[in-house]
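Shown next as structure tokens:
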């Protein structure tokens with residue numbers, strides 16, 4: 001177990017004279033925790049969590065106390081914040097199994113789909129405990145888990161690769177198809193997805209033993225950023241199809257008679273694809289999410305997606321869109337392995353799956369770093385490095401265990417970091433309560449059946465917002481970690497060009513190979529190449545990684561952050577405030593206080609935003625011409641002049 005969970009050595013009670021026996025101490029701790037006001041409620045401002053942010057409510061509140069990793073915490077607050085964590089990740093946990101079991105995946109029946117939703121919640125709950133607890137591997141310096149509130153859920157990165165694989169399986173006969181071309185349920189295809197994921201997850205286990213700094217040099221933000229963005233972009237397509245009525249055959253150009261209406265002609269309140277009623281249902285979810293963000297209380301903001309889903313379901317139920325048959329036929333309780341799938345490796349899926357786990361490892365590093373930051377723990381040094389290593393190792397092992405428990409790969413969830421920051425609670429007790437609620441939700445299969453019965457339009461309105469947040473996360477990785485110089489713009493352009501093309505026209509590579517022989521090994525290898533080339537994020541990752549290694553680093557052109565020469569007046573103290581520290585251009589050494597080094601401009605490498613401010617010391621300037629534009633570099637004393645204080649403040653706001 002992690003060393004920060006308790007004393008490193010337990011002293012026997014008999015060694016401490018006058019100390020009460022163990023049984024007495026346990027009884028006393030239970031009494032103080034569950035039978036005193038301080039133990040149950042504490043001094044927390046519970047009204048803060050439920051007070052909406054309305055325009056006429058301007059009163060400020062006292063800051064709530066911060067609960068550190070192992071601080072004493074009231075029971076009621078731990079349960080309340082644990083439920084908040086569970087609700088914050090609920091939509092993200094249930095969405096991948098719904099998609100992979102639906103028309104875009106294996107076309108499984110309602111019974112199997114309900115089971116997969118239950119299994120996703122149960123597996124997420126148990127495997128989150130592994131990350132939160134953090135185990136020390138005896139005799140080594142390695143750990144399993146982060147020891148933080150690092151909850152795990154089903155990875156979104158698997159969805160684009162799995163959708164492409166299922167299309168290929170139906171095309172090559174691996175999955176059955178009806179005489180009229182309608183795809184039939186393919187549980188064997190889902191089993192092949194699980195087996196392939198279990199084997200490929202071992203790559204992430206191996207990656208965990210590579211120092212995080214080394215791995216980030218191999219997969220820097222210029223590789224992971226556009227890759228994550230392409231994952232989100234490819235997911236938005238299926239979400240938008242659901243918003244309009246369904247992503248199955250009813251959304252095609254010439255659907256069979258059974259799918260002339262969505263979701264099919266036998267469904268209650270069936271309508272043509274793209275009907276105004278469907279679009280209105282999805283919009284009710286989308287606008288509710290926006291209203292929660294604007295006017296909601298802290299607990300509503302962190303669970304806005306769930307509130308949007310709830311409002312959409314209420315409207316759909318009132319208008320007769322719900323089919324209660326799946327809810328009525330569902331058993332009262334469920335657990336993992338109620339349904340099993342035949343495990344068999346699908347060779348063409350191996351290469352895309354390896355790319356998925358590389359992305360999962362990089363995402364895990366970013367999520368754990370963010371968790372350390374909002375938990376007020378160190379983000380550098382040996383303890384931080386051990387949390388990174390333990391988190392990636394637990395991610396890989398969790399994915400293997402999840403596959404054996406009939407669930408697709410698991411990874412850490414980033415949205416719970418927002419809950420930590422909002423509630424000022426990084427205590428593991430809240431994390432354990434979150435795990436408990438997830439397991440309970442999964443065991444009661446009526447709850448999972450109700451989620452399966454949600455109309456596609458309601459689900460599409462929610463998943464469109466959710467998947468776009470994945471794309472925005474990729475953009476954030478790029479903007480925070482990639483300077484926009486010529487070299488990096490070229491790499492991003494080349495990678496995104498092919499990635500966007502493969503995402504928008506996913507069948508462009510289907511006719512590249514014309515082999516029709518009986519060599520199954522060769523056919524599987526060619527299918528793997530086709531699947532990789534038709535998976536947009538895999539193409540982007542490969543191109544960006546190769547170009548990042550092949551193209552040499554060059555001295556950045558100063559026109560990226562050029563300073564107009566007419567803003568400079570020689571021989572008077574002045575300078576530039578920069579958002580980060582680091583080395584200066586032109587051989588000088590920049591500083592985070594805005595001072596330039598000798599012979600260089602004081603620009604920190606961690607940011608590409610320069611904010612001029614009056615009175616700062618640049619350390620000198622001279623004017624030179626780069627690509628026909630006058631710019632300034634540091635050679636002697638200077639100051640920013642010709643700009644009054646009001647203009648300076650306006651420029652600072654614009655830069656921010």
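Numbering (the UniProt record's numbering), first residue to last: 1 to 656.
Don't be surprised by glycine CBs; every beta carbon is placed ideally from N, CA and C.
This structure is a prediction, so every number in the text was calculated from the model and none was measured.
My understanding is that residue i touches residue j, with C-beta atoms under 8 Å, so please give their C-beta distance in whole angstroms.
i	j	result
residue 158	residue 408	5 Å
residue 453	residue 323	6 Å
residue 417	residue 371	6 Å
residue 288	residue 311	4 Å
residue 201	residue 357	6 Å
residue 442	residue 208	With a Cβ gap of about 27 Å, residue 442 and residue 208 do not count as contacting.
residue 160	residue 234	4 Å
residue 715	residue 180	Look at the range of the chain in this structure, 1 to 656, and you will see that residue 715 is not part of it.
residue 244	residue 252	Residue 244 to residue 252, Cβ: 12 Å. No contact.
residue 354	residue 203	6 Å
residue 205	residue 393	6 Å
residue 423	residue 213	32 Å between Cβ atoms; not a contact.
From which residue to which residue does the alpha helix (DSSP H) around residue i run?
i	result
residue 177	Here residue 177 belongs to no alpha helix (DSSP H), and DSSP marks it neither H nor E.
residue 361	350 to 374
residue 539	536 to 550
residue 398	382 to 404
residue 75	75 to 100
residue 343	Here residue 343 belongs to no alpha helix (DSSP H), and DSSP marks it neither H nor E.
residue 148	Per DSSP, residue 148 belongs to no alpha helix (DSSP H) and is neither H nor E.
residue 325	325 to 329
residue 46	46 to 50
How would you write the range of the beta strand (DSSP E) that residue i sits in, first residue to last?
i	result
residue 153	152 to 154
residue 36	It is not in any beta strand (DSSP E) - residue 36 carries neither H nor E in the DSSP assignment.
residue 410	410 to 412
So, are the CB atoms of residue i and residue j less than 7 Å apart?
i	j	result
residue 460	residue 239	yes
residue 449	residue 336	no
residue 101	residue 281	no
residue 231	residue 472	no
residue 427	residue 56	no
residue 226	residue 481	no
residue 491	residue 526	no
residue 132	residue 431	yes
residue 466	residue 298	no
residue 438	residue 86	yes
residue 445	residue 521	no
residue 425	residue 128	no
residue 271	residue 259	no
residue 368	residue 420	no
residue 498	residue 530	no
residue 524	residue 348	yes
residue 134	residue 147	yes
residue 403	residue 194	yes
residue 219	residue 189	no
residue 320	residue 268	yes
residue 103	residue 247	yes
residue 150	residue 360	no
residue 295	residue 136	no
- Do the segment 409 to 419 and the segment 122 to 141 make contact, defined as three or more Cβ pairs closer than 8 Å? yes
- Item | Segments of 3+ residues assigned as beta strand (DSSP E) that fall wholly inside the segment 424 to 483 | none
- Item | Those runs of the alpha helix (DSSP H) which lie wholly inside the segment 108 to 134 and span at least 4 residues | 110 to 133
- Message: Does the segment 141 to 149 come into contact with the segment 501 to 520, if we say contact requires no fewer than three beta-carbon pairs (one atom in each stretch) closer than 8 Å?
- Response: no
- Segment contact flag, the segment 66 to 82 with the segment 109 to 121, C-beta cutoff 8 Å, min 3 pairs: no
- Message: Suppose only complete runs of 3+ residues qualify. What are the beta strand (DSSP E) ranges in the segment 252 to 316, listed by chain order?
- Response: none
- Task: Report yes or no: do the segment 175 to 187 and the segment 91 to 110 share at least 3 C-beta pairs separated by less than 8 Å?
- Result: yes
- Item | Contained beta strand (DSSP E) runs [length at least 3] in the segment 504 to 534, N- to C-terminal order | none
- For the segment 200 to 250, list the alpha helix (DSSP H) runs that are entirely contained and at least 4 residues long, ordered along the chain. 212 to 218 and 221 to 243
- Message: For the pair the segment 268 to 279 and the segment 394 to 404, tell me if three or more CB-CB distances fall below 8 Å.
- Response: no
- Quick one: any contact between the segment 371 to 385 and the segment 161 to 181, if contact means 3 or more CB pairs under 8 Å? no
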